[in-house]
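The structure appears below as structure tokens.
Protein chains: 2
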Amino acid sequence: MFSKTCEYAIRAMIFIAQKSRDGDKVGIKEIAKGIDSPVHFIAKILQDLSRKQLVGSVKGPNGGFYLDKNSLKYSLADIVRVVDGDKLFSGCGLGLKQCSETHPCPIHHEFGKIRREMHAMLEKAKLGEFTEKLEKNLMFLKR
Amino acid sequence: MFSKTCEYAIRAMIFIAQKSRDGDKVGIKEIAKGIDSPVHFIAKILQDLSRKQLVGSVKGPNGGFYLDKNSLKYSLADIVRVVDGDKLFSGCGLGLKQCSETHPCPIHHEFGKIRREMHAMLEKAKLGEFTEKLEKNLMFLKR
DNA sequence: ACAATAAAAGATATTTTTGTCTTTTATTTT
DNA sequence: AAAATAAAAGACAAAAATATCTTTTATTGT
Chain A
1 MFSKTCEYAI
11 RAMIFIAQKS
21 RDGDKVGIKE
31 IAKGIDSPVH
41 FIAKILQDLS
51 RKQLVGSVKG
61 PNGGFYLDKN
71 SLKYSLADIV
81 RVVDGDKLFS
91 GCGLGLKQCS
101 ETHPCPIHHE
111 FGKIRREMHA
121 MLEKAKLGEF
131 TEKLEKNLMF
141 LKR
Chain B
1001 MFSKTCEYAI
1011 RAMIFIAQKS
1021 RDGDKVGIKE
1031 IAKGIDSPVH
1041 FIAKILQDLS
1051 RKQLVGSVKG
1061 PNGGFYLDKN
1071 SLKYSLADIV
1081 RVVDGDKLFS
1091 GCGLGLKQCS
1101 ETHPCPIHHE
1111 FGKIRREMHA
1121 MLEKAKLGEF
1131 TEKLEKNLMF
1141 LKR
């Protein structure tokens, strides 16, 4: 469904959302531990998301990654779009380049319906909304 | 969503279903052309599906691939399961190994719902059901 | 039996994804 | 200013996915 890169990205961003309230920052090692991912790999991914302004970062002592109030409103769909592109949201299920309403593949309509639901679900899921349940151990980001 | 291999596999199987009625067989080159895929690559894939009994094949002149009446009842879900395994149907959306109802990831419930619909859709879609619309150019397997 | 055909099998190549390691740059604290 | 810290950047490595090419085996028609 999502690439490994994207899975890590989503988990990391939700983790950062949880840990970086009131101006706190989270270090890359803590993030890697918190979401059970390879340190250097998630570092690369976050560098990318940082360049693309989805996450903030500062270097040096007490530095790390953080999400400001505005970034907390980003949705999982935003992450997916940036990391995996929008083929998940708009590409043909069977990989046909010219698949469309007027030139449909065999599963175009049924698949489109489900894909739209998926899209809506990911748009609706905001980075900031999971903090509380994570805090209460009602949901998890590792293993 | 699906791997390239799986996309080709689905398209090829639907193509064979369409072309191999009344005992006819389809050659690998015709298949590759018909679904716009690399010849040798789809050959490999069909070899695999043939070993796993999802498609029939005979060598030699007038040989080729075919689907018997029984195989026409196979669903796209069967193809997906054989080619990509069942991670699409049962794996965690965020890649967590231990994700479950009691140890859910942040999107477990919402994602599960959509995945079940996807699964149901693919189970319902039988290889034999597309022939007529393909014949009438109401749907397509290439480009 | 022989030649022709077509899939099966095996070997190899390329590209993409995933993962690791080292060096550099920016920031903070002392 | 110097030392310590932590992300950024760059180079490299391993694994998996995708694709191609060649040889072998089975079958058919002559």
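Order-wise, the sequence lines are chains A and B. In terms of the working numbering, the first sequence opens at residue 1 and continues consecutively. In terms of the working numbering, the second sequence opens at residue 1001 and continues consecutively. By construction, the Cβ of each residue, glycine as well, lies at the ideal position given by its N, Cα and C atoms. From a predicted model like this one, the values you see are computed outputs, not experimental measurements.
- Look at the beta carbons and you see the segment 1061-1073 of chain B not touching the segment 1094-1108 of chain B: under three pairs across the two are nearer than 8 Å.
- Rounded to whole angstroms, the separation of the alpha carbons of Leu1054/B and His1109/B is 33 Å.
- Of Ile10/A, Arg21/A, Met118/A, Tyr8/A, the smallest CA-CA separation from Gly64/A is found for Arg21/A.
- With the criterion set as a beta carbon lying under 7 Å from some beta carbon of chain A, the members of the segment 1006-1028 of chain B are Glu1007, Ile1010, Arg1011, Ile1014, in sequence order.
- By the 16-neighbour rule on beta-carbons within 10 angstroms, Lys1019/B is buried.
- Annotation for Gly1034/B: the continuous alpha helix (DSSP H) segment containing it runs 1028-1035.
- Against chain B, the CB of Pro38/A has no partner CB under 9 Å away; the residue lies outside that interface.
- Residue nearest to Phe111/A within the set Lys1136/B, Asn1137/B, Ala1077/B is Ala1077/B (criterion: CA-CA distance).
- Bridge partners of Val80/A according to DSSP: none are assigned.
- In the structure shown, Ser1050/B falls within a helical segment according to DSSP collapsed to helix, strand and coil.
- Contact annotation: in the segment 85-118 of chain A, residues whose CB is within less than 9 Å of a CB in chain B are Lys87, Leu88, Gly91, Cys92, Gly93, Leu94, Gly95, Leu96, Lys97, Gln98, Cys99, His103, Pro104, Cys105, Pro106, Ile107, His108, Glu110, Phe111, Lys113, Ile114, Arg115, Glu117, Met118.
- Within its own chain, the residues whose Cβ lies closer than 6 Å to the Cβ of Val1026/B, once the five positions on either side in sequence are excluded, are Ile1016, Lys1019, Ser1020, Gly1064, Phe1065, listed in chain order.
- Excluding five sequence positions before and after Val82/A, the CB atoms of its chain that fall closer than 7 Å to its own CB belong to Leu49, Lys52, Leu54, given in chain order.
- Spatial neighbours of Ala1032/B in its own chain (CB-CB distance under 6 Å, excluding positions within 5 residues in sequence) are listed in chain order as Val1039, Ile1042.
- Taking every protein chain shown into account, the CB of Leu1138/B has fewer than 16 other CB atoms within 10 angstroms, so this residue is exposed.
- Interface annotation for the segment 123-142 of chain A against chain B: Lys124, Ala125, Glu129, Phe130, Lys133, Leu134, Leu138, Met139, Phe140, Leu141, Lys142, criterion Cβ-Cβ distance under 9 Å.
- Listed along chain B are Gly1095, each with a C-beta nearer than 7 Å to that of Lys4/A.
- Interface residue (Cβ-Cβ distance to chain A less than 9 Å): Leu1072/B is not classified as such.
- Put simply, the CB of Leu1049/B is far from chain A, with every gap to its CB atoms at 9 Å or more.
- By the criterion of at least three beta-carbon pairs nearer than 8 Å, the segment 6-15 of chain A is in contact with the segment 116-136 of chain A.
- For Leu1076/B, the closest Cβ of chain A is nearer than 9 Å.
- Restricting attention to Ile1107/B, Lys1124/B, Glu1030/B, the CA atom closest to the CA of Ile1079/B is found in Lys1124/B.
- A distance of 9 Å or more separates the beta carbons of Leu127/A and Ile35/A.
- The DSSP-derived three-state label of Ser1071/B is helix.
- 9 Å or more divides the Cβ of Arg1116/B from the Cβ of Gly95/A.
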